[in-house]
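Student: Start counting the sequence shown at 1; every next residue gets the next number (the UniProt record's numbering).
Quick one: the structure is below, and I'll ask about it shortly.
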Amino acid sequence: MYQNYNIKQVCLPIDLEIKLEKNDFAHAIVQFVDSIPDAVFLPYYQSMGRPQYHPRMLLSVILCAYIQGVYSGRQIQNMLIDSIRMRYLSQDQIPNFRTINRFRVHPIMNDILDHSFIQFRELLVQSGLISGSALYIDGTKIEADANKYSFVWKKSILKYKDNLDQKALENYQQMVETKILPELIDDLKDELSIEEIERIRQSLEEKEEQLIEAIDQTETVEERKLLRKEKSEVHKQKKQFDDFVQRKMRYEEQLVIMWVRNSFSKTDYDATFMRMKEDHMLNGQLKPGYNIQLATENQFALAYDCYPNPTDTRTFIPFLEKIESKVGLPENIVADAGYASEENYCYVLDETESTPIIPHQGYLKEKKRAHKQNQFHRDNWPYNELDDYYICPNQKRVVFSHYSQRKDRNGFIRNFKIYECEDCTGCPLREKCTKAKEGKNRRLNINPTWEYIKIKAKEKIESKETALYYAQRKTDVETVFGNIKQNMNFRRFHVRGAEKIFKEMGLVFLAHNFRKLVTRVRKYEGKIIIQNQI
């Protein structure tokens, strides 16, 4: 016997809410979105034209789609027809995919995301899901929505620009020597500006017009030949200086776009070429992407930001400044060795009230037996603190020589003490001990501040009170990246430009938080009641 099935029978419409499970994430989205104040959505309101779709509805359906790993505007529109969750959230309204795409990159989305993350954090604290005692920071690279062959490299642009400047200057000087043009530039430098090149081009154009008139007025064949030859040379130079003006403007515009970066993409100017973990060709090819910084606790995304530089070291301080300005910093800042630098340590210790739990880059290597038994590493050399000298494996003194300073590109100054061996001449261990040229002694560059920071960082990582924080780092923040990349299938941005990808990344992390929260609710059989906490 079959169950009753008659597709032609007319059925009364029913409320779709009863078809959803009690702990379905659609309920959590509705409760959360309804708790956002109306003032946040007010800038989206328009009094003219056709009535708009409500921003609460649009935000709800976008979050619901992102939780299920759907990011295309057209696919979200199709889900509004097929999915019970989406029909419930939209109340059977079907906005066009263009409306959805415009809303998720609308300027209002910045305020919505800021308010949502702050409110979600308060919810987690009240529910006891996070303690607020530590913040786990890490970064990942996500590919931009850009052609991987649309690269512009800074070194190439500087090279082409130098060649152009040299050729333009040589051509100008040659035309002045051959008296094709008079001296147009009083203070001639090593490089012609765009205005100076344009002035030369205009002079050549005027010269060409004069020669054309002279040719028309000349009746002698020999003189006409000479004038035509001169006009041909002037026309050739004019075309070349036309090219110089256009290329120089393009190079300078590209250098402005590049700013402090080494590359950018022609498809997405804000994307930088960097190495990705997903290297399907196994050739180390650079791809356009963004460096995403994330701060988590208990596998919930609490703060994030997007940067164009591939290294994590330079993103640490601006990321912490952003977090501190919005929600404040916790007692402990936990990160991996990729963030270890003297500048970062000093910032946390001097400018904040937090404690950095960050190992230096050689921390794991120093714990190995091979490092401890390496007699040529200066960490294993005896040190005389009273007279301030080391003793090398050949029992020679390595004495203090002088002080030195180094300034990096950000202007941060590091102070070094330089030590030099008394005499390395004829040392049987020289080849294994140093790479210094023959006749020169081995030197040690010791940064006292950095050495002190390394000791303190090691104590924090190995102490009973804070060792658990460092052990928790991998399972806390790495799990979030694994979830959005593997489970939510978010491996590439679907919008272009730093402002737009920041909004899309915020929606992805917010969707991850809902997935995680609903999982916890189901695990603890509804003991965490969202509605009462908001």
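Note that CB positions come from ideal geometry on N, CA and C, so glycine has one too.
If you're wondering where the values come from, they're calculated on a predicted model, not measured in any experiment.
1. Once you ignore the five residues that flank Glu205 on each side, which residues in its own chain have a CB closer than 8 Å to its CB?
2. Using DSSP's beta-bridge definition, name the partner residues of Arg397.
3. Rounded to a whole number of angstroms, what is the C-alpha to C-alpha distance between Asn532 and Pro37?
4. In terms of residues, what are the limits of the beta strand (DSSP E) holding Tyr304?
5. For the structure I just gave you, are there three or more beta carbon pairs, one from the stretch 98–109 and one from the stretch 448–458, closer than 8 Å?
6. Alpha helix (DSSP H) containing Gln210: first to last residue?
7. What is the rounded straight-line gap between the Cα of Pro382 and the Cα of Tyr390?
8. Anyone know if the C-beta pair for residue 565 and Ile84 falls short of 7 Å?
9. Let me make sure I understand the geometry here. Which of Ile357, Thr479 and Val221 has the alpha-carbon closest to that of Ala340?
10. How do the stretch 218–232 and the stretch 266–282 stand: do at least 3 beta-carbon pairs fall below 8 Å, yes or no?
11. Could you pull the start and end residues of the beta strand (DSSP E) that Glu297 belongs to?
12. Using a threshold of 7 Å, state whether the C-beta atoms of Ile185 and Glu196 are closer than that.
13. What is the residue span of the beta strand (DSSP E) that Ile36 lies within?
14. Helix, strand or coil, according to DSSP, for Gln531 in the structure here?
15. Contact between the stretch 488–498 and the stretch 136–149: three or more CB pairs below 8 Å?
16. If you follow the alpha helix (DSSP H) that Ala134 is in, where does it begin and where does it stop?
17. Provide the residue span of the alpha helix (DSSP H) that contains Cys64, from first to last.
18. Should Phe32 go down as buried or exposed, given a rule of 16 or more other Cβ atoms within 10 Å for buried?
19. Output needed for Gln46: all residues of its chain with C-beta closer than 8 Å, excluding positions within five of it in sequence on either side, in chain order.
20. Hey, could you find the ends of the beta strand (DSSP E) Trp153 is sitting in?
21. Take Thr466 and list the residues in its own chain whose beta-carbon comes closer than 6 Å to its own, dropping the five residues that flank it on each side.
22. Kindly list the residues whose CB is nearer than 6 Å to the CB of Trp153, restricted to its own chain and excluding five residues on each side of it in sequence; keep chain order.
23. Are the CB atoms of Ile194 and Lys248 within a distance shorter than 7 Å?
24. Does the stretch 506–517 come close enough to the stretch 109–127 to have 3 or more Cβ pairs within less than 8 Å?
25. Just reading off the alpha helix (DSSP H) that Pro448 is part of, what are its end residues?
26. Can you tell me the Cα-Cα spacing of Leu188 and Pro310, whole angstroms?
27. Flag this pair as yes or no: are the beta carbons of Leu302 and Arg473 separated by less than 7 Å?
28. Have a look at Lys417 and Ile453 and give me their C-alpha separation to the nearest angstrom.
29. Along the chain, where does the beta strand (DSSP E) containing Val334 start, and where does it finish?
30. By alpha-carbon positions, which one of Arg397, Asn374, Pro393 and His377 ends up nearest to Asn384?
31. Taking the beta strand (DSSP E) that Glu183 falls in, what are its first and last residues?
32. Distance check for Ala65 and residue 612, CA to CA, integer angstroms please.
33. Does DSSP put Asn101 in a helix, a strand or coil?
34. Run through the DSSP bridge pairs and tell me what Cys421 is partnered with.
35. Which term fits Asp476, buried or exposed, when burial requires 16 or more other beta carbons within 10 angstroms of its beta carbon?
36. Can you tell me which of Asn344, Val61 and Met79 puts its alpha carbon nearest to the alpha carbon of Arg104?
Tutor: A quick look at the data gives this:
1. Lys238
2. Looking at the DSSP assignment, Arg397 forms a beta bridge with Ile391.
3. With a pLDDT of 37 at Asn532, under the threshold of 50, the modelled position of that residue is not reliable, and no figure is offered here.
4. Phe300 to Tyr307
5. No: the two stretches stay apart, fewer than three of their Cβ pairs being nearer than 8 Å.
6. Ile194 to Gln217
7. 6 Å
8. Outside the shown range of the chain (1 to 534) lies residue 565, about which nothing can therefore be said.
9. Ile357
10. no
11. Leu286 to Glu297
12. Going by C-beta atoms, Ile185 is nearer than 7 Å to Glu196.
13. From DSSP, Ile36 is part of no beta strand (DSSP E); its letter is neither H nor E.
14. Note that Gln531 scores 40 on pLDDT, short of 50, meaning its location in the model is unreliable and no value can be drawn from it.
15. yes
16. No alpha helix (DSSP H) contains Ala134, which is instead part of the beta strand (DSSP E) from Ala134 to Glu143.
17. Pro55 to Ile67
18. Taking all protein chains in view, the Cβ of Phe32 is crowded by 16 or more other Cβ atoms within 10 Å, so the residue is classified as buried.
19. Gln52
20. For Trp153, the enclosing beta strand (DSSP E) begins and ends at Phe151 to Trp153.
21. Exclusion of the five residues before and after Thr466 leaves Ile357 and Lys460 as the residues of its chain whose Cβ lies within less than 6 Å of its Cβ.
22. Ser263
23. Yes, these two residues count as a Cβ contact at 7 Å.
24. Touching, yes, given that three or more Cβ pairs across the two stretches are closer than 8 Å.
25. Pro448 to Glu462
26. 40 Å
27. no
28. Taking the straight line joining both Cα atoms gives about 16 Å.
29. Asn332 to Val334
30. Arg397
31. For Glu183, there is no enclosing beta strand (DSSP E), as DSSP marks it with neither H nor E.
32. It is not possible to answer for residue 612, since the shown part of the chain is limited to 1 through 534.
33. helix
34. Its beta-bridge partners are Val398.
35. buried
36. Relative to Arg104, the option among Asn344, Val61 and Met79 whose CA is nearest is Val61.
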